[in-house]
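Using my numbering, you'd call the opening residue of the sequence shown number 4 and step up by one each time. Beneath this line is the structure, given in C-alpha cells, with notes to follow.
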Amino acid sequence: MLGTWNFLKKAGGDMVADSREIRVLHTSDWHIGRMLFGKKRYKEHEAFLKWLVTTIREREVEVLLVAGDIFDTNTPSNRAQQIYYRFLFEVAATGCRHVVVTGGNHDSPTFLNAPRELLRALNIYVVGSACDDPSEEVLVLRGLDGEPEMVVCAVPYLRDRDVRQAEAGEDSATKQQRLLNGIREHYEAVAQVAETRVTEAGRRVPVVAMGHLFTEGGEVTEGDGVRELYIGSLAQVAPGSFPAVFDYVALGHLHRAQEVKEVAARYSGAPLAMGFGEANRKKSVTLLTFANEAATPGVELVEVPVYQRLARVAGGWESISRQLSELCRSGQSVWLDVVYNGSELMGDLRERLEETVTGSALEILRITNTRATREMLALSAVDETLDILKVDDVFERCLNANQVLDDQREELINTYREAVVSLEEDDIRAE
Ligand SMILES: [Mn+2]
Numbered sequence: 004m005l006g007t008w009n010f011l012k013k014a015g016g017d018m019v020a021d022s023r024e025i026r027v028l029h030t031s032d033w034h035i036g037r038m039l040f041g042k043k044r045y046k047e048h049e050a051f052l053k054w055l056v057t058t059i060r061e062r063e064v065e066v067l068l069v070a071g072d073i074f075d076t077n078t079p080s081n082r083a084q085q086i087y088y089r090f091l092f093e094v095a096a097t098g099c100r101h102v103v104v105t106g107g108n109h110d111s112p113t114f115l116n117a118p119r120e121l122l123r124a125l126n127i128y129v130v131g132s133a134c135d136d137p138s139e140e141v142l143v144l145r146g147l148d149g150e151p152e153m154v155v156c157a158v159p160y161l162r163d164r165d166v167r168q169a170e171a172g173e174d175s176a177t178k179q180q181r182l183l184n185g186i187r188e189h190y191e192a193v194a195q196v197a198e199t200r201v202t203e204a205g206r207r208v209p210v211v212a213m214g215h216l217f218t219e220g221g222e223v224t225e226g227d228g229v230r231e232l233y234i235g236s237l238a239q240v241a242p243g244s245f246p247a248v249f250d251y252v253a254l255g256h257l258h259r260a261q262e263v264k265e266v267a268a269r270y271s272g273a274p275l276a277m278g279f280g281e282a283n284r285k286k287s288v289t290l291l292t293f294a295n296e297a298a299t300p301g302v303e304l305v306e307v308p309v310y311q312r313l314a315r316v317a318g319g320w321e322s323i324s325r326q327l328s329e330l331c332r333s334g335q336s337v338w339l340d341v342v343y344n345g346s347e348l349m350g351d352l353r354e355r356l357e358e359t360v361t362g363s364a365l366e367i368l369r370i371t372n373t374r375a376t377r378e379m380l381a382l383s384a385v386d387e388t389l390d391i392l393k394v395d396d397v398f399e400r401c402l403n404a405n406q407v408l409d410d411q412r413e414e415l416i417n418t419y420r421e422a423v424v425s426l427e428e429d430d431i432r433a434e
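In C-alpha cells:
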C-alpha cells in the first residue's frame, strides 16, 4: 500500500505541498536469541515480528528504523538468523519503502554488515559499526518519484575505539569524558552532512538521527540487562549533545520506553519484557508521523501484545501459595520468578513449589530463598542485599560462611578474581 504522500502525489500535483506526510516506525532492542533463565524465547520473537509486519501494513508505515541490539549475542544461532531474515523478507513485501538497521552493543558489526550489499537491493540499509567517513552514515531516503523525503543519520552504537584515541595513563574519568566528547563530535559530524543533504534537497525534509547509547537521566529496571553495565559508570550522554538539526532522535539501548528530557528523542524500548523486573510493564513500538513542514513528529506508542506472561511471586509461604493457586486457576501459561522471604527457614522450598504447580500451565524459572541466602552469606545487616555488595565482598562472605582458613584464602581469592576478569572480558567481546 502506498503512503499518503505518494498516493496524493500520484492523484494530483497541487495537493502535494499541503499533504506531505511520512510515517516512521521506530523500534530497537529485539535481542533475538535471548534466553530467560534457560528458557528460549524464539516463539515470542517470531510472534512479535509477525505482529510488526501486520502493524507496518495496517498503519501504512513507510520507514522502519531499528536502533540496535537486533540480536542478543554477536554469534546469533541459525534460528535467530532465520527469524531476522524472514522478517526482512516479509517487510520488503509491504509498503514500507525503507528499512534502516543499526548495530547495538550486543550486535556483531561484521555479522550485521556482511549481507548489506544484498539487502541494499531491497531498500534495507545496514550500518553495523561507525564509519570513518561520517557521510556514509547519512542516508537520503527517496520517495517513489525519486525526490528526497527524509534524511536519516544512521549512527550505530559507538565504541570507545570508534571515537577516541586511547592514551597511556589516563584515569577512568578522563577516559569516559573523552568518550563522551567523541560521541558528541561524531553526532556533530553527521549533522553537518545532513544539513548539506537538506540544502541539496532544496526543501524542508525531516532529519532523523539514530543512536544506541545511554542518555543522562535515562531510566533502567532491575534485571533488564542494561542497569548492570552502568554501575559506577559516568558514560552517559547529555541530551544537549544532539545537534539542533535533528527533528527526532530514535534511540535504543535502554529497554524501557521513555522520552528523553529537553530534546525530541525517545527510546522505543525493547518489545519483550527483558526480565521479571519488567513483568507488568507495557511494551510498545513508536509510530511517528512527520506532517507537512512541522519540525516535530506526532508520536504514538503502539502497544506490543504479550506473547508469554511473566510474573514475580514474592512473600512468605502462605502468600506465595495463595498467589500460585490464583495463577493456576487463570489457566494461562506463566513463567515465574519466586522470591521467598518468609521468616521460617524453608529447606524444602523447591519441592513444595514444584508440587504446587505440577499439572498446571505455570513454570517456575527461578527460585530465590532470601532467608537461606542471608544465612549462607552471613549478611551483617538485614537490609544488605546482593545488589549493594561488590563482587569481592560476596566471595569474602562466602569464605567466611565456609570458615575457610586464612592460609588458603589468598589462592582462592586470586582464582576467583581470574574468573571474574575472564567473565568481564567475555562481556567486552560480546559487545
Ligand atoms: Mn539492548
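Glycine included, every Cβ here is placed at the ideal spot set by N, Cα and C.
Nearest to residue i (by Cα), restricted to the options the options
i       : options                               : result
Asp-136 : Gly-146, Glu-191 and Arg-100          : Glu-191
Arg-187 : Arg-269, Val-201, Asp-163 and Arg-200 : Asp-163
Met-213 : Ala-95, Glu-306, Leu-68 and Asn-405   : Leu-68
Gly-280 : His-34, Glu-173, Arg-26 and Leu-39    : Leu-39
Glu-413 : Leu-426, Glu-357, Glu-173 and Phe-398 : Phe-398
Val-208 : Arg-181, Gln-335 and Arg-145          : Arg-145
Leu-368 : Val-288, Gly-41 and His-258           : Gly-41
Tyr-270 : Gly-255, Gly-131, Met-277 and Asn-283 : Gly-255
Lys-43  : Leu-142, Leu-275 and Ala-95           : Leu-275
Ile-35  : Glu-139, Thr-78, Asn-126 and Ile-25   : Thr-78
Lys-286 : Val-309, Phe-293, Gly-301 and Val-424 : Val-309
Asn-283 : Val-229, Ser-324, Ser-244 and Asp-340 : Asp-340
Glu-357 : Phe-245, Ser-324, Ile-416 and Val-141 : Ser-324
Gly-243 : His-258, Glu-140, Ser-322 and Leu-183 : Leu-183
Beta carbon of residue i nearer than 8 Å to that of residue j
i       : j       : result
His-215 : Pro-159 : yes
Ala-267 : Val-252 : yes
Leu-304 : Ala-260 : yes
Ala-197 : Val-154 : yes
Val-64  : Leu-122 : no
Arg-119 : Val-103 : no
Leu-365 : Val-337 : yes
Asp-59  : Trp-33  : The identity of residue 59 in the sequence shown is Ile, whereas the question assumes Asp. The answer is no: Cβ separation not under 8 Å.
Ala-314 : Leu-330 : yes
Val-248 : Val-288 : no
Phe-90  : Leu-52  : yes
Val-56  : Glu-93  : yes
Gly-149 : Thr-105 : no
Arg-26  : Thr-292 : yes
Gly-228 : Gly-278 : yes
Ala-241 : Glu-219 : yes
Val-141 : Arg-200 : yes
Arg-355 : Ile-370 : no
Status (buried if at least 16 other CB within 10 Å, exposed otherwise) for residue i
i       : result
Thr-30  : buried
Ala-194 : buried
Asp-409 : exposed
Glu-222 : exposed
Thr-418 : exposed
Lys-264 : exposed
Tyr-87  : buried
Ala-176 : exposed
Gly-15  : At Gly-15, the pLDDT of 40 sits below 50, so the modelled position is not reliable; the number obtained from the coordinates is stated separately. Per the 10 Å Cβ criterion, exposed.
Phe-217 : buried
Asn-372 : buried
Thr-202 : exposed
Lys-13  : Because the pLDDT at Lys-13 is just 39, under 50, the model does not fix this residue reliably, and the point stays unresolved.
Val-307 : buried
Asp-174 : exposed
Thr-113 : exposed
Gly-362 : exposed
Met-18  : Because the pLDDT at Met-18 is just 38, under 50, the model does not fix this residue reliably, and the value given afterwards should be weighed accordingly. When all chains shown are included, Met-18 counts as exposed.
Asn-108 : buried
Gly-334 : exposed
Range covered by the beta strand (DSSP E) that runs through residue i
i       : result
Asp-340 : 337–343
Pro-92  : Reading the sequence as shown, one finds Phe at residue 92 and not Pro. Element bounds for Phe-92: not the beta strand (DSSP E) but the alpha helix (DSSP H), 81–95.
Val-196 : Val-196 -> not in any beta strand (DSSP E); alpha helix (DSSP H) instead, spanning 175–204.
Thr-3   : Nothing about residue 3 can be read from this structure; the chain reaches only from 4 to 434.
Leu-368 : 365–372
Pro-151 : 151–156
Phe-293 : 287–294
Thr-30  : 24–30
Val-166 : Unbroken run through Val-166 is the alpha helix (DSSP H), 163–166; no beta strand (DSSP E).
Thr-113 : Where Thr-113 is concerned, there is no enclosing beta strand (DSSP E), although the alpha helix (DSSP H) it sits in stretches over 112–116.
Residue(s) in a DSSP beta bridge with residue i
i       : result
Val-329 : A small correction: the amino acid at residue 329 is Glu; Val does not occupy that position in the sequence shown. Answer is none; Glu-329 lacks a bridge partner.
Glu-225 : Paired residue(s): none; Glu-225 is not in a bridge.
Tyr-251 : Val-211
Arg-100 : Bridge partners of Arg-100: none, in fact.
Residue i, enclosing alpha helix (DSSP H) - first and last residue
i       : result
His-48  : 45–61
Val-397 : 394–404
Arg-355 : 352–360
Glu-347 : Per DSSP, Glu-347 belongs to no alpha helix (DSSP H) and is neither H nor E.
Leu-121 : 119–123
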